[in-house]
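Counting from 541, one number per residue, gives the positions in the sequence shown under the working numbering.
Heads up, the beta-carbon is just placed ideally off N, CA and C, and yes, glycines get one too.
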Amino acid sequence: MLYSKDIELEDKVIESLAAGSMSINAIHSRLGKDTKVSLRAVYKAIDKLRKAGVLLKAGKRVLIDQEWAKRVEEKFNAIVPAFLLQKGERAVYSFTSIENLDAFWKTIVLPLERSVPNGEIFFYNPHNFWAYMPARKESEDAYYRHFAETNRFGFFTVGGDTAADIEFKRAYQNDRLQIDLQPIAALGRRDHITVVGPFIITVRLAKGIAERIDELYASGEGIEYLLLAISQTCERPGKVRFVLENNPARASELRRLLAKNFYFTSSEYGHGGSIPAPRSA
């Protein structure tokens, strides 16, 4: 399935054509760089996709049928309203797997971002161990890159300044994703918060897991040393709550709280000034 862990030949053909039309020989040549596939197999895959209405053939070149692409886009965009709670509404989900929770978080937050196209996104994590979970690392890296790719600002506050926290800041901060290291007493050590427009996502860890992660980070070791212990701690996280709410007033309060160590072009958050270049740790 396209962009999943189980990718078939037809998926690879579509991915190859995402940048534009190509000849069948060129598609075969490109696919051959990564895997052994016969020209005949490529012909069969393209013929199957043509009959399914996914591809078109014009002369000697093959291209994606844009009507199909538009239908796919419309279907996925139709998912968005399902998560756009009305003002004052709140939804609670429970997870017993950190990996499944992180996948669900992105399933929710990406449509929310599209619903608020121009606003900054604010984050608060006591420690951002999520960036290093082995099964989700590729997904995390892609998410942090998307701020620069979409020219959008993200402001990430980490509630610690240990060696591992500093490593996260140095690895991921850029002109569009700025990271500040400061504990905020008003926010609990169990809560990992995201604010997108009027929407707030709060991931609340079990008390014992949150305390253990704090202990590991407090050791002063780097993330490479801590990673095995963090992964083992998160193998059985107990029940983790995921709360999504549409609460404009609370979202505004959280943005002002989390904006204190950043600078903005407007005075919306209580101070003015232009957004500076990222600061070193």
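Pairwise C-beta distances place the segment 786-801 out of contact with the segment 760-769, as fewer than three of them are shorter than 8 Å. Here Glu660 is buried: its Cβ has 16 or more other Cβ atoms, across all protein chains shown, within 10 Å. When DSSP states are grouped into helix, strand and coil, Val735 belongs to the strand group.
In the DSSP assignment, Ala558 falls outside any beta strand (DSSP E), carrying neither H nor E.
DSSP lists Arg601 as the beta-bridge partner residues of Ala598. Here Asn668 is buried: its Cβ has 16 or more other Cβ atoms, across all protein chains shown, within 10 Å.
Cα atoms of Phe782 and Glu639: separation of roughly 13 Å, rounded to the nearest angstrom. As computed with DSSP, Asn668 is found in no beta bridge at all. Gln718 sits in a strand when the DSSP states are folded into three classes.
Under the DSSP assignment, Arg776 falls outside any alpha helix (DSSP H); it carries neither an H nor an E label. Around the beta carbon of Ile733, 16 or more other beta carbons sit within 10 angstroms, so the residue counts as buried. Bounds of the alpha helix (DSSP H) holding Ala682 are 677-690. Here Asn658 has no same chain residue with a Cβ atom under 6 Å from its own Cβ, once five neighbours each way along the sequence are excluded.
Straight across, the Cα-Cα distance linking Leu625 with Glu607 is about 31 Å.
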